[in-house]
Amino acid sequence: KVTYRFIGEQAKGGEGWAWRNSGAMLHGQAPETMLRDQDFPISIEGQILGGDGEHDRHTSNVCTPGTNIVFEGKLFTQHCLDSKSKTYAGDQWVTAEFLVLGDSVVKHIIEGEVVLEYTKPQIGGGSVTNYDPKVKVDGKPLTSGYISLQSESHPIEFKTVKLFNLEAYMKDKTKLNKVLDKILKE
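Using this note's numbering, read the sequence shown as starting at 1 and increasing by one per residue.
The following block contains the structure:
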């Protein structure tokens with residue numbers, strides 16, 4: 001769970017696609033397994049975008065560097081998938097939550113509303129280069145990994161960053177649902 005806002009101007013030389021662009025990298029590759037020239041960690045990105053005040057620009061999308069997901073029952077192999085969120089322009093605070101239950105389900109939640117849901121995150125696809133082929137084993141389920149916050153050349157502030165380890169509840173659906181109800185109400 002993060003509460004964030006974009007501020008200021010993009011760093012000089014930043015790519016156009018990186019304007020008001022950040023993210024939470026989920027199920028991320030272990031840093032020690034990344035090669036020196038690898039451009040992105042193999043991971044699932046909860047992409048955070050800010051609006052320009054004129055155009056629709058959904059936030060809490062999913063991007064898939066070196067990974068694939070199952071969306072609406074079908075393997076999704078494109079790099080990014082838009083959520084159904086509204087656009088958040090300016091420097092307002094926005095709360096984004098990413099519920100990741102192993103390799104079974106991932107939900108993106110903005111301001112308490114589920115805006116994207118998919119299943120079976122797995123290694124595969126492109127959008128990552130110069131990786132160790134021993135690490136990028138296509139089709140391998142992503143059951144765990146690192147969490148990191150990303151920056152794409154535009155200043156962003158995080159007012160809140162909270163992590164909840166749900167591993168102890170994964171085998172008891174009743175307890176898991178109780179804990180999730182409590183966490184999602186906070």
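Ideal placement from N, C-alpha and C gives every residue a C-beta, glycine not left out.
On a predicted model such as this, the values are computed, not experimentally measured, just so you know.
Can you give the Cα-Cα distance for residue i and residue j, rounded to whole angstroms?
i, j, result
"Glu32", "Pro41", "11 Å"
"Ile109", "Ala96", "6 Å"
"Gly51", "His79", "20 Å"
"Thr64", "Glu152", "15 Å"
"Val106", "Glu117", "6 Å"
"Asn61", "Leu49", "8 Å"
"Lys159", "Gly139", "36 Å"
"Val94", "Asp172", "32 Å"
"Gly16", "Val128", "19 Å"
"Ala30", "Asp181", "30 Å"
"Gln47", "Ala18", "11 Å"
"Pro141", "Gly14", "33 Å"
"Phe71", "Glu111", "22 Å"
"Ser85", "Lys175", "29 Å"
"Gly73", "Lys12", "42 Å"
"Thr87", "Thr3", "15 Å"
"Met25", "Glu167", "19 Å"
For my contact list, residue i and residue j are in at a C-beta cut-off of 8 Å; report their separation, rounded to the angstrom.
i, j, result
"Gln38", "Asn165", "27 Å between Cβ atoms; not a contact."
"Ser83", "His58", "5 Å"
May I ask you to check if the CB of residue i is nearer than 8 Å to at least one heavy atom of the ligand FMN?
i, result
"Gly126", "The model on display carries no ligand, and the ligand FMN is accordingly not part of it."
Look at the Cβ atom of residue i, then the Cβ atom of residue j, and state whether they are nearer than 9 Å.
i, j, result
"Leu101", "Met170", "yes"
"Thr67", "Gln150", "no"
"Gly23", "Glu9", "no"
"Ile183", "Ile7", "no"
"Ser148", "Ser43", "yes"
"His162", "Lys1", "Before going further, note that residue 162 is Lys rather than His in the sequence given. The answer is yes: Cβ separation under 9 Å."
Quick one: what's got a C-beta closer than 6 Å to residue i's C-beta in the same chain, skipping five residues either side?
i, result
"Tyr146", "Gly28"
"Asp132", "Leu35"
"Glu77", "Per the sequence shown, the amino acid found at residue 77 is Thr instead of Glu. So the qualifying residues of the chain are Asn68, Gly125."
"Val114", "Lys107"
"Val135", "Thr33"
"Leu99", "Lys107"
Using a Cβ-Cβ cutoff of less than 7 Å, which residues in the same chain neighbour residue i once the five nearest sequence positions on both sides are dropped?
i, result
"Leu75", "Asn68"
"Gln92", "Arg5"
"Glu186", "none"
"Ser104", "Thr119"
"Arg20", "Phe6, Leu49, Gly50, His154"
Under 8 Å Cβ to Cβ from residue i, same chain only, skipping five residues before and after it: list those, please.
i, result
"Gly53", "Ala89, Gly90"
"Val137", "Ile123"
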